[in-house]
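Asks: One structure, pasted below without further comment.
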Amino acid sequence: MNVLETEWWTLALPPEWWADSEEDSILVGDRDDVGCIEISTLHKEEGDFDQNSVTAIAQEESEQVLEWQPVTLGEFSGVSSRYVEEEAAVREWYVSSGTLLLFITYSCDEENGGMDDAAVDEILDTLMLATE
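Here it is in structure tokens:
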């Protein structure tokens, strides 16, 4: 396993997955180019995020009307959902830990939907806060 480290969080990646930094997000994908995970990090100036605020943000920010399910990813918790849009299968997560909120999406061609679900879940379950 390789460890992806940012200033705020870490994630363990299997050798067949790559990571790249964009302007406002981190991209993670498999070498087969089936799909791609995108992670954006937001910070709260004061106080911590709680489950209610994370759910409210997810409902407000999502372009789709979705049914959100509670989820825990490593040291982060929040909500997740999935949908199909323009021939793409999309999974979304809004998860928080303390003052950090992560917005995570995984998308792939609709015909490949579900193919990487187990691998994506395994990767996201390794999300940890960065140690100082």
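Numbering (my numbering), first residue to last: 604 to 735. Don't be surprised by glycine CBs; every beta carbon is placed ideally from N, CA and C. As the structure is a computational prediction, the values presented were derived from the model and not from experiment.
Nearer than 6 angstroms: is that true of the beta carbon of E663 relative to any heavy atom of the ligand GTP?
Replies: No copy of the ligand GTP appears in this structure; indeed no ligand is present at all.
Asks: Using only the alpha-carbon positions, how far apart do E688 and Q654 sit?
Replies: Whole-angstrom Cα-Cα distance: 27 angstroms.
Asks: What separation, rounded to the nearest whole angstrom, lies between the Cα atoms of E610 and A691?
Replies: Between E610 and A691, the C-alpha separation is close to 31 angstroms.
Asks: Return yes when the Cβ of G677 is within less than 7 angstroms of the Cβ of T729, no when it is not.
Replies: Yes, Cβ-Cβ distance for T729 and G677 is below 7 angstroms.
Asks: Does the beta-carbon of S643 have 16 or more other beta-carbons within 10 angstroms, so that it is buried, or is it exposed?
Replies: Its Cβ having fewer than 16 others within 10 Å, S643 is exposed.
Asks: Closest by CA to E714, which one among L727, T708, V693, F679?
Replies: It is V693 whose Cα lies nearest to the Cα of E714.
Asks: Are the region 614-621 and the region 719-733 in contact at 8 angstroms, needing three or more beta carbon pairs?
Replies: Taking 8 angstroms as the limit for Cβ pairs, the verdict is that the region 719-733 does touch the region 614-621.
Asks: With a threshold of 16 other CB atoms inside 10 Å of the CB of V657, please say whether the residue is buried or exposed.
Replies: That one is buried.
Asks: Taking 7 angstroms as the limit between beta carbons, can you name the residues of its chain near T613, skipping five residues before and five after?
Replies: Closer than 7 angstroms at the Cβ level, and outside the excluded window around T613, lie V606, L607, M731, A733.
Asks: Going by C-alpha to C-alpha distance, which of E626, G638, L705, S665 sits closest to S680?
Replies: With distances taken between Cα atoms, S680 lies closest to L705.
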